[in-house]
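Only one structure is covered here, and it is reproduced in the block below.
Residue numbers (the working numbering): -2 to 473.
In structure tokens form, the structure reads like this:
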């Protein structure tokens, strides 16, 4: 699969066809085709407003940038919210130019975090800009921001002022830390992972702490915030009042590391027997240790080599020795005596011997590809997972069919792949629309949303509140 060519042909429905080579590869079973007996809906091609989105009628004032905030507002936009992204004239969101791979085009960093949004440029420091901003606050349901602490107040948008303009407004914020001694610290993805307990528990016992490949600090916090916003909207339906919603990145990471906090407390009652170091006779310290690829649950599991591992860095599989299927595992790897042997028959007896057990299982997995292992194990209900590369995921047909991976066309950078909405609602079909160009919807929002007259819009533009004045543009 790693050597498979990129899928380029398309069917009439716009879904890439399987190449001849791809057709030979065993179909993945990790992606369910049905939910509650119904086929998972595919990506919609209908225009906005035609299929009754879950958040139709909700308008978001988006002051977010980089990753955590845009993740939140993009998810809301996927569910139908009208997200108006406010950007600095001339430059916009800093990620438009970061990690740029196509000259004179928005980077993938920006495009993949800002689908389904409208963009306006606005200088809120000017009198005219503040006039526009006031009307935006009065028109929107939710303001989302991930500025540094105190920045919103310095812009003149205090909680009191916002609520004097719109008592129903919900103000949602991502911050690095919650109230306390570190609340003024600047936080990015890896800082959040380190401060939230992820790094100290990721990696191997004899190695350095590690950050994960998953963006649990930025994107994880954005997803938490989106849930908070939906809850605040529900409560507003009963109270008629807006409220503040806060999600600190440290808090979001810790929430995702709850099993490690669980293990921290279990340590006070004895060693963590499902950890490999227990079977190796290595004593535990005072804090939850790094456990390599050990399972975070009660089911022992590790990553094992598969056929081709010598040249393919992803020819591996995660294998779990789940108790209910233990006898099937014994037969599969050629150790039927383990089913009754006192050292292997029961889970407590196996815990000190996990290293030897997995070494024996690996002698079997290394003779097969990861997909062969997966198919054989799935047939026996043995839980395993192939280590899939980003290339393999990008080419996986089932992910295209469910809209989890989508192809998006952009006017300046052309076609690219992006993740789609991971949450599938049967009655709110997600359509992934390209990210906006800088200020693309400024005129549209001023006239159609904020109801400024043509004369008022001309005055606003002449002031430079939405960007360079016509005279300045001519000089350029």
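Ideal placement from N, C-alpha and C gives every residue a C-beta, glycine not left out.
With a 10 Å radius around its C-beta and 16 neighbouring C-beta atoms as the bar for buried, classify residue i as buried or exposed.
i           : result
residue 62  : buried
residue 35  : Confidence at residue 35 is low in this model, with a pLDDT of 37, below 50, so its placement is unreliable and the value that follows should be read with caution. Result: exposed.
residue 379 : buried
residue 387 : exposed
residue 231 : exposed
residue 463 : buried
residue 271 : buried
residue 396 : buried
residue 99  : exposed
residue 418 : buried
residue 393 : buried
residue 254 : buried
residue 352 : exposed
residue 455 : exposed
residue 257 : buried
residue 193 : buried
residue 234 : exposed
residue 356 : exposed
residue 96  : exposed
residue 347 : buried
residue 262 : exposed
residue 228 : exposed
residue 277 : exposed
residue 259 : exposed
residue 150 : exposed
residue 406 : exposed
Assuming residue i contacts residue j under a Cβ cut-off of 8 Å, what Cβ separation, rounded to an integer in Å, is found between them?
i           : j           : result
residue 219 : residue 66  : 6 Å
residue 77  : residue 50  : 2 Å
residue 186 : residue 457 : The Cβ separation is near 37 Å, so there is no contact.
residue 120 : residue 86  : 6 Å
residue 195 : residue 213 : 6 Å
residue 367 : residue 383 : 4 Å
residue 308 : residue 101 : Rounded, the Cβ-Cβ distance is 38 Å, inconsistent with contact.
residue 427 : residue 75  : 5 Å
residue 73  : residue 223 : 6 Å
residue 315 : residue 298 : 6 Å
residue 421 : residue 112 : At roughly 16 Å, the Cβ-Cβ gap does not stay under 8 Å, so residue 421 and residue 112 are not in contact.
My output table needs one value for residue i: the three-state DSSP class, helix, strand or coil.
i           : result
residue 457 : helix
residue 114 : strand
residue 407 : strand
residue 181 : coil
residue 165 : coil
residue 244 : strand
residue 80  : strand
residue 395 : helix
residue 73  : helix
residue 135 : helix
residue 420 : coil
residue 141 : strand
residue 257 : helix
residue 227 : helix
residue 65  : helix
residue 272 : coil
residue 57  : strand
residue 52  : coil
residue 377 : coil
residue 412 : strand
residue 383 : strand
residue 92  : helix
residue 402 : strand
residue 464 : coil
residue 370 : helix
residue 425 : strand
residue 99  : coil
residue 216 : helix
Inset, instruction - Mind the definition here: the segment 263 to 274 touches the segment 163 to 182 only if three or more C-beta pairs lie below 8 Å; say whether that holds. - result: no
Inset, instruction - State whether the segment 388 to 401 contacts the segment 77 to 90, with contact taken as three or more CB pairs (one from each stretch) at a distance under 8 Å. - result: no
Inset, instruction - Specify whether the segment 234 to 250 and the segment 91 to 105 touch according to this definition: at least 3 beta carbon pairs, one from each stretch, less than 8 Å apart. - result: no
Legend entry - Three or more C-beta pairs below 8 Å linking the segment 192 to 207 and the segment 104 to 123: no
Legend entry - Segment contact, 8 Å Cβ cut-off, at least three pairs: the segment 126 to 138 with the segment 152 to 170: yes
Inset, instruction - Decide yes or no for the touch test of the segment 360 to 373 against the segment 323 to 334: beta carbon pairs closer than 8 Å, at least 3 of them. - result: Yes, the segment 360 to 373 is in contact with the segment 323 to 334.
Inset, instruction - Please determine if the segment 96 to 109 and the segment 444 to 452 are in contact, where contact requires at least 3 C-beta pairs separated by less than 8 Å. - result: Short answer: they don't touch.
Inset, instruction - Ignoring anything shorter than 4 residues or poking outside the segment 280 to 323, list the alpha helix (DSSP H) runs there in chain order. - result: none
Inset, instruction - Would you check if there are 3 or more beta carbon pairs closer than 8 Å linking the segment 160 to 174 to the segment 241 to 260? - result: yes
Inset, instruction - May I ask you to verify whether the segment 333 to 343 touches the segment 277 to 294, counting CB pairs closer than 8 Å and requiring at least 3? - result: no
Legend entry - Those runs of the alpha helix (DSSP H) which lie wholly inside the segment 183 to 208 and span at least 4 residues: Whole alpha helix (DSSP H) segments, 4+ residues: 186 to 192.
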